[in-house]
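A.B. asks: Sending over a structure as structure tokens; questions will come in a sec.
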Ligand SMILES: Nc1ncnc2c1ncn2[C@@H]1O[C@H](COP(=O)(O)OP(=O)(O)OP(=O)(O)O)[C@@H](O)[C@H]1O
Ligand SMILES: [Mg+2]
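Chains as they are written, first to last, in our numbering: chain A, 1 to 260; chain B, 1001 to 1300.
Below is the structure:
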């Protein structure tokens, strides 16, 4: 098993996100039992695991929505595990939740503007709005529509776009491809690839293991609140243990195209 | 016998005036409900405090009436924020954030209402205080004379509603308030300081109640027990309009105001206060979620 992600951080001195020994849970029920994980700058890291293994719980803890009981979360070289969620967003760490939680009673454009709530540079916000519209032209057509009227795929585009509107240093995506048609899944993955190209680091939770491993540089596999396997994505994709636990070959190999 | 249309018109006009005041109190109750998930039973007492603040500023400090109104709104807003921070927030936090904290929150609201009433009693006593505002001769519409305080009340209340609407729909902060009202976790992830926004919502709602108190003061009088009846009417208004709906609160207020004035005029004036509830029962029989209510509102 390679340890490359911890030792030779290829692109920067400090990693973008570094967490050590994080434990948390709901009320008295502990879900995470000491999670270590690192995301290098400009990297896509994948967090994989079955249902109920604590992936979303980890993201909530990183965002500050759940208190970190123990352990350290360092973002961009500084500890953030005691900050409020809005302060963490202001530092540049943004989460797109699993629930496709757009505000249904607001228009597409209002949702996107809300994503830029922390910013006061009007010009930059306007530019980023256009950038999101080039990523997702369908959102532009529907900009004045209530988001309650969008399809599932469009809502997913909207919440990713809304996350980008904060101009984050790093974005955490919780199962962006869940419950979407294969074609939409491809376009979402292609967008994640483009997001990385703009220099934003990505932590992506996925059930679509094969696609995630094709796209990501590094991957963590979580089980029962602990990191079970970690390593370079290209190694894990051949790893028989990983294959055993996950790879079902659900998505056609054409998905390789988008990473090429 | 000829039907007297001009007095019908007068009753409707007076009904509308008092109705907009019910509307702004109901607006506050709905705002708190949609923003904090609590049904605020002490809102009538905030209204009463607001009326006293207005009276104090107008009669004892001696500032002009519009300034007294504004000062009363600010004081009640601050009072509300303190109450929410010191008392309610502990309870809502114990219930796992701002989810419906159930019975505890309701009892806390009733308790707060009793406490506030007694504090007001200690400060101002039990007597009804007249609130003199000299605005000059009443307006004349044919046979009807409309005191200027009524006209001012209607105009101010409409202005406050329009200002709130503009704030919620057109400003970035208003957008954030709506976001917090709908889903607090997602609002947090938008970088919104949710606890601060909750204070703002509560303070705004209390300021609206104080405006209502200061506007009603000159028409009736100011008295420590005035909050109870207003709470009942404003609740009726909020439920008639659809609980949690802001446009519904305003329409509900107008309907309650008109309905009770017509009832008092054509049925029996001695039962003036029950017509609001008669209307409530009628509306709930026809549309249980209220006029503007959404069936089974799901909140995250
Ligand atoms: N609000 C909550 N209160 C109590 N327990 C919770 C809560 N949310 C999640 N859990 C529990 O925590 C565990 C981990 O949940 P989590 O949502 O992190 O799983 P996940 O890995 O994201 O799964 P999925 O792939 O299904 O989204 C589960 O056993 C779940 O039942
Ligand atoms: Mg999950």
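By construction, the Cβ of each residue, glycine as well, lies at the ideal position given by its N, Cα and C atoms.
Taking CB distances under 8 angstroms as the criterion, tell me whether residue 78 (chain A) reaches chain B.
C.D. replies: Taking the first residue of the first chain as position 1, residue 78 (chain A) is located at position 78. No, its Cβ sits nowhere closer than 8 angstroms to a Cβ of chain B.
A.B. asks: Measuring only the C-alpha atoms, how far is residue 40 (chain A) from residue 83 (chain A)?
C.D. replies: As a position in the first chain, residue 40 (chain A) is number 40, starting the count at 1. As a position in the first chain, residue 83 (chain A) is number 83, starting the count at 1. Computed Cα separation, rounded: 22 angstroms.
A.B. asks: Please go through the same chain and pick out, in chain order, the residues whose beta-carbon is closer than 8 angstroms to the beta-carbon of residue 30 (chain A), but skip the five residues on each side of it.
C.D. replies: Along the first chain, one-based indexing puts residue 30 (chain A) at 30. The residues are 23, 24, 69 and 225.
A.B. asks: Taking residue 1185 (chain B) as the query, report the chain A residues whose CB atoms sit under 7 angstroms from its CB, ordered along the chain.
C.D. replies: Along the second chain, one-based indexing puts residue 1185 (chain B) at 185. Those are 65, listed as they occur along chain A.
A.B. asks: Determine contact between the segment 109-125 of chain A and the segment 182-195 of chain A, defined as no fewer than three beta-carbon pairs at a distance below 8 angstroms.
C.D. replies: no
A.B. asks: Smallest Cα separation from residue 1017 (chain B): which of B:1154, B:1207, B:1090 and B:1148?
C.D. replies: Sequence index remark: in the second chain, residue 1017 (chain B) carries index 17 (1-based). Out of B:1154, B:1207, B:1090 and B:1148, B:1154 has the C-alpha closest to the C-alpha of residue 1017 (chain B).
A.B. asks: Which residue marks the beginning of the beta strand (DSSP E) containing residue 1009 (chain B), and which one marks its end?
C.D. replies: Position 9 of the second chain, counting from 1, holds the residue named residue 1009 (chain B). Segment 1005-1036 is the alpha helix (DSSP H) holding residue 1009 (chain B); no beta strand (DSSP E) there.
A.B. asks: Going along the chain, which residues of the segment 1219-1247 of chain B sit with their C-beta nearer than 9 angstroms to a C-beta in chain A?
C.D. replies: none
A.B. asks: Under 7 angstroms, CB to any heavy atom of ligand 2. Which residues pass, going along the chain?
C.D. replies: Per the Cβ criterion, the list is A:55, A:56, A:98, A:174, A:175 and A:205.
A.B. asks: When you compare the CB of residue 86 (chain A) with every CB in chain B, is at least one pair closer than 8 angstroms?
C.D. replies: On the first chain, position 86 is the one that residue 86 (chain A) refers to. A Cβ of chain B is located within less than 8 angstroms of the beta carbon of residue 86 (chain A).
A.B. asks: Provide the residue span of the alpha helix (DSSP H) that contains residue 87 (chain A), from first to last.
C.D. replies: Here residue 87 (chain A) refers to the residue found at position 87 of the first chain. 85-91 is the span of the alpha helix (DSSP H), which, as asked, contains residue 87 (chain A).
A.B. asks: Three or more beta-carbon pairs under 8 angstroms between the segment 1077-1087 of chain B and the segment 1198-1207 of chain B, yes or no?
C.D. replies: yes
A.B. asks: Tell me whether residue 1097 (chain B) is buried or exposed, calling it buried when 16 or more other Cβ atoms sit within 10 Å of its Cβ.
C.D. replies: The sequence position of residue 1097 (chain B) within the second chain is 97, counting from 1. Annotation note: pLDDT 44 at residue 1097 (chain B) (below 50); position unreliable, coordinate value reported separately. Flag for residue 1097 (chain B) reads exposed.
A.B. asks: Could you tell me whether the Cβ of residue 1126 (chain B) comes closer than 8 angstroms to any Cβ of chain A?
C.D. replies: Stepping through the second chain from its first residue, residue 1126 (chain B) is reached at position 126. It does not: the Cβ of residue 1126 (chain B) has no partner Cβ on chain A nearer than 8 angstroms.
A.B. asks: Could you name the residues of the same chain whose beta carbon sits closer than 6 angstroms to that of residue 1314 (chain B), not counting the 5 residues immediately before and after it, in chain order?
C.D. replies: In the structure as shown, chain B begins at 1001 and stops at 1300. Residue 1314 (chain B) is therefore absent and cannot be evaluated.
A.B. asks: Taking beta-carbon pairs under 8 angstroms, can you tell me which members of the segment 116-129 of chain A lie near chain B?
C.D. replies: 117 and 118
A.B. asks: Quick check: what's the CA-CA separation for residue 254 (chain A) versus residue 227 (chain A)?
C.D. replies: As a position in the first chain, residue 254 (chain A) is number 254, starting the count at 1. As a position in the first chain, residue 227 (chain A) is number 227, starting the count at 1. Note that residue 254 (chain A) scores a pLDDT of 39, beneath 50, so its modelled location is shaky and nothing firm can be said.
A.B. asks: Classify residue 1048 (chain B) as helix, strand or coil using the three-state DSSP reduction.
C.D. replies: Taking the second chain and counting its residues from 1, the one referred to as residue 1048 (chain B) is at position 48. It is helical.
A.B. asks: What does residue 1175 (chain B) reach in chain A if we use C-beta pairs closer than 7 angstroms?
C.D. replies: Taking the second chain and counting its residues from 1, the one referred to as residue 1175 (chain B) is at position 175. 110, 113 and 114, listed in chain order.
A.B. asks: Just reading off the alpha helix (DSSP H) that residue 184 (chain A) is part of, what are its end residues?
C.D. replies: Taking the first residue of the first chain as 1, we reach residue 184 (chain A) at position 184. Residues 182-197.
A.B. asks: Can you list the residues of chain B that residue 95 (chain A) reaches, using a CB-CB cut of under 9 angstroms?
C.D. replies: If you number the first chain from 1, residue 95 (chain A) lands on position 95. 1189, listed in chain order.
A.B. asks: Roughly how many angstroms lie between the CA atoms of residue 92 (chain A) and residue 1036 (chain B), to the nearest whole one?
C.D. replies: Position 92 of the first chain, counted from the first residue, corresponds to residue 92 (chain A). Position 36 of the second chain, counted from the first residue, corresponds to residue 1036 (chain B). About 28 angstroms.
A.B. asks: Taking 7 angstroms as the cut-off, is the C-beta of residue 52 (chain A) nearer than that to any heavy atom in ligand 1?
C.D. replies: Start at 1 with the first residue of the first chain, and residue 52 (chain A) comes out as number 52. Yes - ligand 1 has a heavy atom lying nearer than 7 angstroms to the Cβ of residue 52 (chain A).
A.B. asks: Is residue 31 (chain A) near ligand 1 - that is, is its Cβ less than 7 angstroms away from at least one heavy atom of it?
C.D. replies: In the first chain, residue 31 (chain A) corresponds to position 31, counting from 1. Residue 31 (chain A) Cβ: within cutoff of ligand 1.
A.B. asks: Using a beta-carbon distance below 8 angstroms, is residue 1249 (chain B) in contact with chain A?
C.D. replies: Stepping through the second chain from its first residue, residue 1249 (chain B) is reached at position 249. It does not; no Cβ of chain A falls within 8 angstroms.
A.B. asks: Using a Cβ-Cβ distance cut-off of 8 angstroms, determine whether residue 143 (chain A) contacts chain B.
C.D. replies: Taking the first chain and counting its residues from 1, one reaches residue 143 (chain A) at position 143. Interface residue (Cβ-Cβ distance to chain B less than 8 angstroms): residue 143 (chain A) is not classified as such.
A.B. asks: Label residue 77 (chain A) either buried or exposed according to how many other C-beta atoms from any shown protein chain fall within 10 Å of its C-beta, with 16 as the threshold for buried.
C.D. replies: Taking the first residue of the first chain as 1, we reach residue 77 (chain A) at position 77. With fewer than 16 other Cβ atoms from the protein chains shown falling within 10 Å of its own Cβ, residue 77 (chain A) counts as exposed.
A.B. asks: Based on the DSSP secondary-structure assignment, which residues constitute the bridge partners of residue 218 (chain A)?
C.D. replies: On the first chain, residue 218 (chain A) is found 218 positions in, with the first residue counted as 1. BP columns for residue 218 (chain A) point to A:45 and A:232.
A.B. asks: Determine the burial state of residue 1118 (chain B): buried for a count of at least 16 other Cβ atoms within 10 Å of its Cβ, exposed for fewer.
C.D. replies: Sequence index remark: in the second chain, residue 1118 (chain B) carries index 118 (1-based). Exposed.
A.B. asks: On the criterion of 16 or more Cβ atoms from any shown chain inside 10 Å, does residue 1170 (chain B) qualify as buried, or is it exposed?
C.D. replies: Numbered from 1 along the second chain, position 170 holds the residue referred to as residue 1170 (chain B). So residue 1170 (chain B) counts as exposed.
A.B. asks: Applying a beta-carbon distance threshold of less than 9 angstroms, which residues of chain B neighbour residue 89 (chain A)?
C.D. replies: What you label residue 89 (chain A) is simply residue 89 of the first chain in a count that begins at 1. Under the 9 angstroms cutoff, chain B gives 1188, 1189, 1190, 1191 and 1192.
A.B. asks: Going by the DSSP bridge assignment, what does residue 22 (chain A) pair with across the sheet?
C.D. replies: Counting from one through the first chain, the residue named residue 22 (chain A) turns up at place 22. According to DSSP, which records beta bridges pairwise, residue 22 (chain A) is partnered with A:35.
A.B. asks: Quick check: the Cα distance between residue 1063 (chain B) and residue 1072 (chain B), rounded to an integer number of angstroms?
C.D. replies: Locating residue 1063 (chain B) in the second chain gives position 63, counting from the first residue. Locating residue 1072 (chain B) in the second chain gives position 72, counting from the first residue. Their backbone Cα atoms lie some 11 angstroms apart in a straight line.
A.B. asks: Do we get a CB-CB distance below 8 angstroms when we pair residue 1 (chain A) with the residues of chain B?
C.D. replies: Here residue 1 (chain A) refers to the residue found at position 1 when the first chain is read from its first residue. Caution is warranted here: a pLDDT of 44 is assigned to residue 1 (chain A), below 50, making its placement in the model unreliable, and no coordinate value can be reported.
A.B. asks: Since residue 1041 (chain B) and residue 1110 (chain B) should fall inside the 8 angstroms C-beta cutoff, what is the C-beta to C-beta distance between them, to a whole number of angstroms?
C.D. replies: Here residue 1041 (chain B) corresponds to residue number 41 of the second chain, with the count starting at 1. Here residue 1110 (chain B) corresponds to residue number 110 of the second chain, with the count starting at 1. Contact holds; Cβ gap of about 5 angstroms.
A.B. asks: Report the partner residues of residue 70 (chain A) according to the DSSP bridge assignment.
C.D. replies: Counting from 1 along the first chain, the entry for residue 70 (chain A) is found at position 70. Beta-bridge pairing links residue 70 (chain A) to A:23.
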